[in-house]
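Working notes for the structure below.
Residue numbers (this note's numbering): 235 to 527.
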């Protein structure tokens, strides 16, 4: 089943010691672009997490949010650098004494300075690490279910539009065949009329050869055959499932090129209206494909 690049997933694990909340949001992108918004101390685990995500997704801009609340202070692994704090206070007192001032330290200011806090190097609690990993896995599963649901909707829509495109090609093929015959007969009649007025005689075989060349320029059978091939390829891609966004995007571009050639070759209202309808459906398909992985 194809997946949409747009999706949302979340998980929440709560214990007496901590609360772990993961959120995953994604939108379409040509490549897999991971954006992490997590606590600073968690970035050491990102490399391993990215391998897990890359095994589940190929494209999309994915934002991952992690909110952690520790209820047990002993698990924080932080220690105030009192040596550095004393040195800073000493320097402030010297400056104040030199200027003839006295100071009353604002300890709240010191406590809010990240540079005064240091990691004691304590290892995270094994269960905490396991819960972080489990929370990510649960959020990823939720996210993938969301993407699969939307992917199913996109697949149904594209399959329906593919049938419309096939029908339009059949209509163009039927009309184009008659147009070539009509144009051949019309040009032949006009040329004969001009030759009669100018009292000029030319070899019939030569004239038929030139008319055949002109008719060939109006023939769109090759373009229609290639369109059929591209649409058949699209159907196979849709049926196969899995990653299909890039393949479908390429095939849609090829279809657009062929239908444009058809419209340029046979500039008649009956064909023009159908080529416009075909391009309109192609554009709608392209909008849907932009969201497929």
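C-beta atoms are modelled at their ideal positions from N, C-alpha and C, and glycine is treated no differently.
Owing to the predicted nature of the structure, the values given are computational and were not obtained by experimental measurement.
* **Whole-number beta carbon distance between residue 314 and residue 351, since they are thought to touch under 8 angstroms** => 6 angstroms
* Asked: Alpha carbon to alpha carbon, what distance is there between residue 325 and residue 336?
  -> 13 angstroms
* Asked: Alpha carbon to alpha carbon, what distance is there between residue 263 and residue 491?
  -> 24 angstroms
* To do: Compute the distance between the beta-carbons of residue 298 and residue 271, then report whether it is under 9 angstroms.
  => yes
* Take the Cβ of residue 239 as the centre, count every other Cβ of all protein chains shown within 10 Å, and call the residue buried at 16 or more, exposed below. => buried
* Along the chain, which unbroken stretches of the beta strand (DSSP E) at least 3 residues long are found entirely within the stretch 480-516? -> none
* Which first and last residues belong to the alpha helix (DSSP H) in which residue 288 is found? -> 280-288
* To do: Report all residues from its chain with a CB closer than 6 angstroms to the CB of residue 258; omit the five preceding and five following residues, and keep chain order.
  => Correct list, in chain order: 243, 298, 373 and 377.
* Asked: Residue ranges of each alpha helix (DSSP H) run of no fewer than 4 residues wholly in the stretch 333-386, ordered along the chain?
  -> 341-345
* Do residue 526 and residue 478 have their C-beta atoms within less than 9 angstroms of each other? -> A contact, by the Cβ cut-off of 9 angstroms.
* **CB of residue 362 within 9 angstroms of CB of residue 256, strictly** => no
* **residue 462 (DSSP reduced to helix, strand or coil)** => helix
* To do: Can you tell me which of the three DSSP states residue 257 falls into?
  => Three-state DSSP puts residue 257 in a strand.
* To do: Have a look at 505, 516, 245 and 465 and flag the residue whose alpha-carbon is nearest the alpha-carbon of residue 371.
  => 245
* So is residue 485 buried or exposed if we call it buried at 16+ other beta carbons inside 10 Å? -> buried
* Is it the case that the Cβ atoms of residue 557 and residue 493 are separated by a distance below 9 angstroms? -> This structure leaves residue 557 out entirely; the chain is present only between 235 and 527.
* To do: Please name the residue in 404, 454, 250 and 333 whose C-alpha comes closest to that of residue 306.
  => 250
* **Buried versus exposed call for residue 385 [16 or more other C-beta atoms within 10 Å across all chains shown]** => buried
* For residue 295, the first and last residue of its enclosing beta strand (DSSP E) -> 294-304
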